[in-house]
């Protein structure tokens with residue numbers, strides 16, 4: 016039997032929020048792909064695969080892996096994230112030998128800001144806070160792309 020969603024229902028609201036989240040993730044995937052990354056949106060992102068360790072987006076460029084938890088906000092403001100999401104993101108990055116970031120789309124401007132998980136603050140409740148200041152100081156897309164071009168592989172030094 017097909018589930019029907021009626022305008023104004025909680026189910027409809029949750030579906031709408033999830034769809035917007037997916038669209039922001041797809042937007043990030045497209046932007047990173049155009050900048051030369053091999054990139055994929057994790058299909059389990061936002062699903063009920065709670066025991067698995069999945070970031071929202073995985074991007075690789077020049078042998079550098081970056082994993083993202085994607086968030087959106089209408090303005091630069093404090094954002095709170097469940098500790099399990101952050102621990103899973105960091106664990107995935109560690110296993111991949113890469114870096115973990117919170118990708119924040121500022122709605123209205125369409126601008127993306129990238130905050131390293133190293134800049135997050137753990138709150139008394141156990142959640143992690145991405146402060147407004149961290150968002151403002153975070154990398155923009157051009158700066159994120161530039162960090163993947165700064166590193167050289169070890170064998171590049173040997174071939175001199």
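Residue numbers (this note's numbering): 16 to 175. All C-beta atoms in this analysis are idealised placements derived from N, C-alpha and C, irrespective of residue type, glycine included. What you are looking at is a predicted structure, and each value in this text was computed from that prediction instead of being measured.
Within the region 66-121, the beta strand (DSSP E) runs of at least 3 residues that lie entirely inside it are, in chain order, 72-76, 79-88, 94-96 and 114-121.
Taking C-beta separations shorter than 6 angstroms and ignoring five residues to either side along the sequence, the partners of residue 51 in its chain run 76, following chain order. A Cβ-Cβ separation of about 6 angstroms places residue 87 in contact with residue 122 under the 8 angstroms criterion. In the DSSP assignment, residue 149 falls outside any beta strand (DSSP E) and within the unbroken alpha helix (DSSP H) covering 147-152. Here residue 147 is near residue 92, since their CB atoms are less than 8 angstroms apart. Comparing alpha-carbon positions, the option among 106, 100, 47 and 45 lying closest to residue 141 turns out to be 100.
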